[in-house]
Amino acid sequence: MAYRAVVTGGAGFIGSNMSRALLERGCSVVCIDNFLTGRRTNIDDLLDNERFELIVQDACEPIEVKAPIDAVLHLASPASPGTSAVSYLSLPFETLDVGSRGTWSALRLAHGHGARFLFASTSEIYGDPVLSPQPESYWGNVNSIGPRSVYDEAKRFGEALCAAHIREFGMDVKIARIFNTYGPRMRPEDGRVVSNFIVQALRGEDLTIYGDGSQTRSFCFIDDLVAGLLALLESPHTGPMNLGNPGEFTILELAGLVRDLIPGAGEPVFETLPQDDPKQRRPDIALAGEVLGWAPKVALPEGLGKTIDWYRAELGIG
Ligand SMILES: NC(=O)c1ccc[n+]([C@@H]2O[C@H](COP(=O)([O-])OP(=O)(O)OC[C@H]3O[C@@H](n4cnc5c(N)ncnc54)[C@H](O)[C@@H]3O)[C@@H](O)[C@H]2O)c1
7 MAYRAVVTGG AGFIGSNMSR ALLERGCSVV CIDNFLTGRR TNIDDLLDNE
57 RFELIVQDAC EPIEVKAPID AVLHLASPAS PGTSAVSYLS LPFETLDVGS
107 RGTWSALRLA HGHGARFLFA STSEIYGDPV LSPQPESYWG NVNSIGPRSV
157 YDEAKRFGEA LCAAHIREFG MDVKIARIFN TYGPRMRPED GRVVSNFIVQ
207 ALRGEDLTIY GDGSQTRSFC FIDDLVAGLL ALLESPHTGP MNLGNPGEFT
257 ILELAGLVRD LIPGAGEPVF ETLPQDDPKQ RRPDIALAGE VLGWAPKVAL
307 PEGLGKTIDW YRAELGIG
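All the letters of the sequence shown, read from the start, carry residue numbers 7 to 324 under the numbering used here.
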C-alpha cells in the first residue's frame, strides 16, 4: 500500500526511522521539522530521494502541504526526560507548545485533506502508575504541576484534542501510547538511560544510575515500534493503543546487560533520583495483539547489540 504521509518530527529518532520505513514500502514522505531536538544527519541520506521532501518549520505554525495527503503522523516533540539541552525539562515551553498548538496544527492539516492521523502519545500520560501493567483504560497518576508535567500534560492535552476530533468530525485518529524505545539514531547526548549507558560504557566511563536502580522499565527496539506504528496507522482502529515491549527490567539489570556487551565499561555509580521519576512502567499490549496481531520480536540483548554497533560507528569508537 503506497501513500503520501506527512511526518512532523521526521528528523528525530523515531521520525527518521519511520521516514525510512515509509520510503522502503514505496510511500512518499513530507518531513516537517525545525531541528529543535532532531538532527539533519538523521535524514541527510534521504534528501536525494525524490519521494522525500523536507520542510523546515515549526509544527505549531499552520502547516501547508499540497495535496494529496493520505496520512499525518505527528511525532514532533522533545521526548527525553533527562537533564540535557534537548530534554523536555530544558525546553518546557516548546514542549507544551508542540503538544498543544502543534497537535492542533497537525490535526487541522489532516482534517483539511481527509487524511488519517497518528499522534505520538506516551506512556508518560500514565504518570507514576498505581497499576501494572498499564492497559489503555487506566487514567493515570500524574502530578499536574511537577517538572515532568510540561511533557505529560501536553501529551494529555494532545490526546484530548485527538478524542475531540474523533467525536466532533468523525476523523480517523489513532493515539499511539509509546513506551520507552531505543535504537539507532537516538542522539548520543539525549539523556535517556539506554543511550547514557551505552555512550558511557563505550567511553570506558562509569554508568550513572539514578536512585538505587531497582525501578523498572520496559524497552522496545525501534524496528518493532515502527512496525507497530505502521500497523496501527494502516488499521481501522481509532483512539488509544499501547505500543511497547512488556519485558520488564530493572535499571541495574540494564546496566549489567550493557556492561556484558561492552568490554571495558566502568562500574555502576548512584545519583539522586529525579522528582516524580516513575518506579515502574510496563505496557499491557493485549489490544495491539488483538487488533493488529502485533507484538515486539527483538529481545533486549539483540536490540542493544544493534544499537551499540550504531553508536560505535557514530562516535567513531572501534
Ligand atoms: N523515544 C521514546 O522512547 C518515546 C516514548 C514515548 C513517546 N515518544 C514520542 O515520540 C515522538 C518522537 O520522539 P523521539 O524519541 O523521536 O524524539 P526526538 O527528539 O528524537 O524527535 C522529535 C523531533 O521533533 C522535532 N520537533 C520538536 N518540536 C518541533 C516543532 N515545534 N516543530 C517541528 N519539529 C519539532 C525535533 O527537532 C525532532 O526532530 C515524540 O512525540 C515523543 O513524545 C517517544
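Backbone N, C-alpha and C fix where the C-beta goes; we use that ideal spot for every residue, glycine too.
No experiment lies behind these values; they were computed from the predicted model shown.
Please determine whether the Cβ atom of residue i lies at a distance below 7 Å from any heavy atom of ligand 1.
{"i": "N186", "result": "yes"}
{"i": "I20", "result": "yes"}
{"i": "T43", "result": "yes"}
{"i": "I61", "result": "no"}
{"i": "E56", "result": "no"}
{"i": "P289", "result": "no"}
{"i": "I38", "result": "yes"}
{"i": "T128", "result": "yes"}
{"i": "E142", "result": "no"}
{"i": "D64", "result": "yes"}
{"i": "G309", "result": "no"}
{"i": "T313", "result": "no"}
{"i": "V104", "result": "yes"}
{"i": "A17", "result": "yes"}
{"i": "P87", "result": "no"}
{"i": "A82", "result": "yes"}
{"i": "G108", "result": "yes"}
{"i": "I240", "result": "For the sequence presented, residue 240 should be read as Glu rather than Ile. Flag unset: Cβ of E240 not near ligand 1."}
{"i": "T14", "result": "yes"}
{"i": "E100", "result": "yes"}
If you draw a straight line from the alpha carbon of residue i to that of residue j, how long is it in whole angstroms?
{"i": "V12", "j": "P139", "result": "32 Å"}
{"i": "V62", "j": "C37", "result": "8 Å"}
{"i": "L16", "j": "V35", "result": "For clarity, residue 16 is Gly in the given sequence; the question names Leu instead. Their Cα atoms are separated by approximately 9 Å."}
{"i": "F41", "j": "E70", "result": "18 Å"}
{"i": "P289", "j": "T222", "result": "12 Å"}
{"i": "F225", "j": "R198", "result": "11 Å"}
{"i": "H243", "j": "V297", "result": "8 Å"}
{"i": "R318", "j": "D212", "result": "17 Å"}
{"i": "F125", "j": "L239", "result": "10 Å"}
{"i": "S201", "j": "L293", "result": "29 Å"}
{"i": "A160", "j": "Y94", "result": "11 Å"}
{"i": "N248", "j": "A65", "result": "24 Å"}
{"i": "D230", "j": "P307", "result": "14 Å"}
{"i": "W316", "j": "R265", "result": "17 Å"}
{"i": "P190", "j": "L279", "result": "27 Å"}
{"i": "M7", "j": "A116", "result": "19 Å"}
{"i": "L236", "j": "L263", "result": "29 Å"}
{"i": "E59", "j": "R10", "result": "11 Å"}
{"i": "V205", "j": "A301", "result": "28 Å"}
{"i": "G272", "j": "A305", "result": "24 Å"}
{"i": "A207", "j": "S150", "result": "35 Å"}
With a cut-off of 8 Å on the beta carbons, I'd call residue i and residue j a contact; round off their distance for me.
{"i": "Q286", "j": "P153", "result": "Not a contact, Cβ separation roughly 19 Å."}
{"i": "D178", "j": "R122", "result": "4 Å"}
{"i": "P386", "j": "A261", "result": "Since the first residue of the chain shown is 7 and the last is 324, residue 386 is not available in this structure."}
{"i": "L97", "j": "P84", "result": "5 Å"}
{"i": "T14", "j": "A82", "result": "4 Å"}
{"i": "I291", "j": "P252", "result": "6 Å"}
On the DSSP bridge list, what partners appear for residue i?
{"i": "L60", "result": "C37"}
{"i": "F276", "result": "I215"}
{"i": "Q206", "result": "Bridge partners of Q206: none, in fact."}
{"i": "C226", "result": "T187"}
{"i": "V13", "result": "C37, L79"}
{"i": "L249", "result": "I184"}
{"i": "A126", "result": "A182"}
{"i": "P289", "result": "Q140"}
{"i": "F255", "result": "R223"}
{"i": "S93", "result": "S86"}
Under 7 Å: does the beta carbon of residue i sit that close to some heavy atom of ligand 3?
{"i": "G197", "result": "Looking at this structure, you won't find ligand 3 anywhere; what it does contain is ligand 1."}
Does chain B have any CB closer than 8 Å to the CB of residue i?
{"i": "Q281", "result": "Reference to chain B is not applicable here, since this structure consists of a single protein chain."}
Specify whether the stretch 93-111 and the stretch 143-151 touch according to this definition: at least 3 beta carbon pairs, one from each stretch, less than 8 Å apart. no
Please confirm if the stretch 120-136 is in contact with the stretch 177-184, defined as three or more CB-CB distances below 8 Å between the two stretches. yes
Touching or not, the stretch 167-179 and the stretch 316-323, by the rule of three or more beta carbon pairs under 8 Å? no
Can at least three beta-carbon pairs, one atom from the stretch 13-24 and one from the stretch 252-265, be found at a separation below 8 Å? no
For the 8 Å Cβ check, are there 3 or more pairs between the stretch 194-212 and the stretch 44-52? no
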